[in-house]
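Be aware that the sequence shown starts at 992, since it is given in my numbering, and climbs by one per residue.
Built from N, CA and C at the ideal position, the CB exists for glycine as well.
Predicted model, so just to flag it, every value in this text is computed and none were measured.
Have a look at the structure below, then the notes.
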Amino acid sequence: QQQQQREGQEPGEAIAPPDKNVMKHVESLRITNSGPYPAKVTFALESSLPSEDAAAEEAAKEVSKGKKSGKEEPKGPAFEDFPFIVEPQELELDVEETKEVRVCCFPVNEGTYSDTLIATVADNPEPIRFQICSIGAKPKVNLDATEVDFDRMLLKQQATKVLKLSNVCAVPVKWRLVPPPEPGVPAPFVISPAALEGTVGVAQDQLLSFSFRATEAATHKFHMKLQIGDTESLRDLADTQDIVVSAEAYAVDIVPEFPNQGTGLDFGNIRVGLPVEQQFHVTNNGKYAVNYEVKVRRKAIRDILEIDMGGDAGEALAVLEPGQKKVVKVI
């Protein structure tokens, strides 16, 4: 009503439509005069009315100071405690006329708020009470992990890891994943949803899928920021958490080296009963240690050969460290 008077409006005149985002904080009550005479209705919030005890205490203070009671306006409640506004505060209704009263709520802090809207009809001793309540909330989410680690993966392998984004507040939350600076997310990675943004409803979850395909030997590590905010875009999205994504694609690179730069072992003609030994080398040019084994496919030949891979006695596999070269003996 005070705002209307500042703008030159009379109490009860039509109020200009608020912004669409403001309307999300507004509830409208339709008031109809079903009586036989015009009616004047005033509206007030119970929190704005002084209680009898408070009024008596204030009067006692005024008397003790030698002042007349009621000279000064009593102080209203703190808006942080009762964030409700009612407009207009007075309506004049003709018979069968209907008008709207808007109750707005703009919480300053998180929490649950309640009040009572009191409608008083002129010449009617019984006021009408409407209980009102609201929940003040800020956008909040919970991320079940802040690191996506694919560890080491052999070339041509693929893996997917999923993070769960949960809305843990009382309002919908808008979220966005901010990719790293140019050139952005490395090509071997695919992130879903592809738009890297969306809205998660109250008590709902959003799954964030990270897929990695080991296409070539390389090490990857990059950061993505999770931003959240309100769905009304009243404020810019704020950074909340840093997500670290890492992966390594590697290849097994073992090179056999045969005598005279050949492609195998040639025993030639062997006298029956005379053992002949030949050797070749295996070199690990890869980044990590590997286990290896030398086998012969054909059983007839496998039964007459003895192979020493250079490993520990009794072990089925031999270990080749990075850069290491070993001798394989075939007898």
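Item to complete: State the start and end residues of the unbroken alpha helix (DSSP H) segment that holds ARG1120.
Response: For ARG1120, no alpha helix (DSSP H) segment is defined; the enclosing uninterrupted segment is the beta strand (DSSP E) at 1119-1127.
Item to complete: List the DSSP bridge partners of LEU1311.
Response: VAL1281
Practice prompt. Identify, in the order they occur along the chain, each residue of the same chain with its Cβ nearer than 8 Å to the Cβ of GLU1088, setting aside the five sequence neighbours on each side.
Written response: THR1023, ASN1024
Practice prompt. Return helix, strand or coil for VAL1077, following the three-state DSSP convention.
Written response: strand
Worksheet item: Fully enclosed by the stretch 1134-1172, which alpha helix (DSSP H) runs are 4 residues long or longer?
Response: none
Worksheet item: Pick from ILE1123, LEU1156, CYS1095, ILE1126: whose alpha carbon is nearest that of ASP1323?
Response: Since the displayed the chain opens at 992 and closes at 1322, residue 1323 lies outside it and no answer follows.
Worksheet item: Quick one, which of GLN1232, ASN1100, GLN1080, ASP1299 has its alpha-carbon nearest VAL1285's?
Response: ASP1299
Worksheet item: Between the stretch 1143-1161 and the stretch 1203-1214, do at least 3 Cβ pairs fall closer than 8 Å?
Response: yes
Practice prompt. Sort VAL1236, ALA1309, GLN1218 by Cα distance to VAL1139 and report the nearest one.
Written response: VAL1236
Worksheet item: Looking only at C-alpha atoms, which of ALA1035, PHE1073, LEU1084 sits nearest to TYR1104?
Response: PHE1073
Worksheet item: Taking MET1014 as the reference, which of ILE1076, VAL1153, GLU1239 has the closest Cα?
Response: By alpha-carbon distance to MET1014, the top candidate from ILE1076, VAL1153, GLU1239 is ILE1076.
Worksheet item: Just curious, the beta strand (DSSP E) that ARG1093 is in, first and last residue?
Response: 1089-1096
Worksheet item: Where does the unbroken alpha helix (DSSP H) through ALA1240 begin, and where does it stop?
Response: No alpha helix (DSSP H) holds ALA1240; the beta strand (DSSP E) holding it covers 1229-1241.
Fill in: Beta-carbon proximity of SER1039 to PRO1068, cut-off 8 Å
yes
Worksheet item: Taking the continuous beta strand (DSSP E) assigned at ILE1295, which residues delimit it?
Response: Note, ILE1295: premise wrong, no beta strand (DSSP E); not H, not E.
Discussion item. Need the endpoints of the beta strand (DSSP E) that LYS1015 sits in, please.
Written reply: Note, LYS1015: premise wrong, no beta strand (DSSP E); not H, not E.
Item to complete: Closer than 7 Å by C-beta to ALA1128: which residues in its own chain qualify, once you throw out the five before and the five after it? Chain order, please.
Response: GLU1101, CYS1160, ALA1161, VAL1162
Discussion item. For ARG1204, report the span of its beta strand (DSSP E) as first-last.
Written reply: 1196-1204
Discussion item. Are the CB atoms of LEU1217 and ILE1245 within a distance shorter than 8 Å?
Written reply: no
Fill in: Limits of the beta strand (DSSP E) - the one that VAL1181 falls within
1180-1183
Practice prompt. Could you check the C-alpha separation between ASN1276 and TYR1283 for me, to the nearest Å?
Written response: 13 Å
Practice prompt. Determine the DSSP secondary structure at VAL1105, reduced to helix, strand or coil.
Written response: Rather than Val, the amino acid found at residue 1105 in this sequence is Ser. In this structure, SER1105 counts as strand in the three-state DSSP scheme.
Fill in: ASP1294 versus VAL1318 - alpha carbon distance
21 Å
Worksheet item: Quick one: Cα of ALA1113 to Cα of SER1019, how far?
Response: 22 Å
Worksheet entry | Supposed close pair LYS1316, LEU1228 - CB separation, criterion 8 Å | No, LYS1316 and LEU1228 are not in contact; Cβ-Cβ is about 56 Å, not under 8 Å.
Item to complete: Following the continuous beta strand (DSSP E) through PRO1218, name the residue where it begins and the one where it ends.
Response: Note that residue 1218 is Gln in the sequence shown here, rather than Pro. Segment 1209-1221, the beta strand (DSSP E) holding GLN1218.
Worksheet item: ARG1093 and VAL1193: beta carbons closer than 8 Å?
Response: no
Worksheet item: Would GLU1239 pass as a contact of THR1274 if the rule is Cβ separation under 8 Å?
Response: no
Fill in: Neighbourhood of GLN1197 by C-beta, 6 Å cutoff - its chain only, sequence neighbours within 5 removed
LEU1156, VAL1191
Discussion item. Please state the DSSP three-state secondary structure of GLY1247.
Written reply: Strictly speaking, residue 1247 in this sequence is Pro, with Gly absent from that position. Here PRO1247 sits in strand by DSSP.
Fill in: GLU1268 (DSSP reduced to helix, strand or coil)
coil
Discussion item. My output table needs one value for GLU1037: the three-state DSSP class, helix, strand or coil.
Written reply: helix
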